[in-house]
Amino acid sequence: ETEWKGFKGRYYKFEGNNLSFNVQVFPLGMRDLVFWSFVAGEPADEDLKTLEKILSSIDLNERFKFSRWSSQDGTLEMYQNGNHFEGSFGEKTLEGIVIENSIFGWWKKSDSTGSVGPSRFWDGAFNGKFVEGKLQLLFSSSEDPFYSLEGTTVIFENVSGEFESSTAEEVSVTESLLCRSVYENTPFATDTAFTPFDKRIVMWSATKPFENSHIFKWEWYDPDGNLKETVYYVVAPTIETGYDYYDSVWGWMATDGFGENVFGNWKVVVYADGKKLDESSFKVVQEPEMKTIETETFKLNVPAYTYYQLSEGVHYFILDIANLIFAEAHYETEPLNGEVYKTPNYEVNFIETSMPDYQTGQNFIYWVVQFPEKDGQYLYMGFYAPEEDFKRLESLFERILNSVELK
């Protein structure tokens, strides 16, 4: 065991031929702070002293606070960065936010997989207040920390460290859009009508810049007005991005959770810290609206939301930029030796194959299609999607393929 500025952790040392490798690990809530250092060969004493100075100079940024709180049931350790905090209390792991002198968040047992809250990771919610130097937390099996909770109350006395109160910060929405994915904080394939071909439906909201951490919630209502999906997320600007503020948020509903009564008018409502910010409406329809893309040598129909781009002789039709789902068309002089597939207008050569993405290892399915020769060239088309998405999109890809007309 080792200690560093009040934090208790583990110290590991590995030694080999003329090599010493040192690791210090300090648990901070759900994260670990790790110091690595190594010495190779036989450096001068002056160099070793310099290394010690470097290691001893390490400090967390000025927004980070650490405090301990004691109760009859054990010790609560809180690690606070601005108004965002993580902590541990016995077998429980905690995460949440501080608003003025109140505290809200979720808890999870160390051996549990969780079933509530953000990403269904947590076991329950809690809230509490700091009053006259004492911390009172109410733990519940409920999902929303801003609703009235019923559960177990624990009262803590401060042992050490400083609790940092946080003034309330209001979040306001300037614009909300519905889309299919978000790329570099920008909504992609915006729409007001979606289909089962879409992997997800995203509500993206532009906000006035905010600096504090906040708990966002999205509620999705089906055409009968039933609450079908609730999505939570803790947005912590400096922790997640290193930037000082956020100016957009988004949450989504996966279409594989549609269930019955899917077609019709839906509604989604977004909240920040339990307060309603905005709502949007959209339709779920059976088939996507199509548009015609026409070039000098061919034309075809693609979903209306598809992004089209011509780049270095290749025509790209992007359906989902976040998941790399797209079709492309280009010309080649060599014929393709594949199976025969009949469209309404042509007999084409067709090959289906797969390959892993070299960065993620995720397997992709892709079709390569060759249309009849014209003026010594063949129009080639490719359809690409992750394996888990391809089956969902196969009939849509066929619809695009069957619409192709050569000029």
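Position in the sequence shown (from 1) plus 6 gives the number in the working numbering.
Don't be surprised by glycine CBs; every beta carbon is placed ideally from N, CA and C.
For clarity, every value in this text was computed on a predicted model and none was experimentally measured.
Between residue 291 and residue 199, the gap from beta carbon to beta carbon is short of 8 Å. Closest in alpha carbon position to residue 15, among 24, 21 and 29, is 29. In this structure, residue 180 sits away from residue 201, with a CB-CB distance that is not shorter than 8 Å. The straight-line gap separating the alpha-carbon atoms of residue 166 and residue 114 is approximately 24 Å.
In this structure the stretch 316-325 does not lie against the stretch 255-272, because fewer than three pairs of beta carbons, one per stretch, are closer than 8 Å. Residue state for residue 60 is assigned as helix, using DSSP reduced to three classes. Under the three-pair Cβ rule at 8 Å, the stretch 362-378 does not count as touching the stretch 171-185. Sequence-distant Cβ neighbours of residue 389 in its own chain, meaning closer than 7 Å and more than five residues away, are 333, 372, 373 and 403.
The beta-carbon separation of residue 111 and residue 105, rounded to 11 Å, does not stay under the 8 Å limit for a contact. Taking a cut-off of 8 Å for Cβ pairs, the stretch 212-227 and the stretch 274-283 touch, as three or more such pairs fall below it. In the DSSP assignment, residue 360 forms a beta bridge with 371. Between residue 50 and residue 25, the C-beta spacing is not below 8 Å.
For residue 405, the uninterrupted alpha helix (DSSP H) segment begins and ends at 393-408.
In the DSSP assignment, residue 159 falls within the unbroken beta strand (DSSP E) covering 158-167.
CA-to-CA, the gap between residue 152 and residue 314 works out to about 44 Å.
Annotation: residue 186 is outside any beta strand (DSSP E) and is labelled neither H nor E by DSSP. In this structure, DSSP gives residue 9 an extended state, which the three-state scheme calls strand. Contact between residue 207 and residue 259 holds, with the beta-carbon distance rounding to 5 Å and staying under 8 Å. Relative to the Cα of residue 43, the nearest Cα in the group 21, 345, 33 and 52 belongs to 21. Setting aside the 5 residues that flank it on each side, residue 411 is surrounded in the same chain by 304, 305, 306 and 351, each with a C-beta closer than 8 Å to its C-beta; the list follows chain order.
For residue 221, the pairing in a beta bridge is given by DSSP as 240. Note: residue 298 is bridge-paired with 307 in the DSSP secondary-structure output.
Between residue 123 and residue 238, the CB-CB gap stays under 8 Å.
Each of 169, 211 and 117 was checked against the Cα of residue 135, and the nearest Cα belongs to 169. Secondary structure note for residue 128: it is in no beta strand (DSSP E), with a DSSP letter that is neither H nor E. Non-local C-beta neighbours of residue 83 in its own chain, meaning closer than 7 Å and more than five positions away in sequence, comprise 74, 93 and 94, ordered along the chain.
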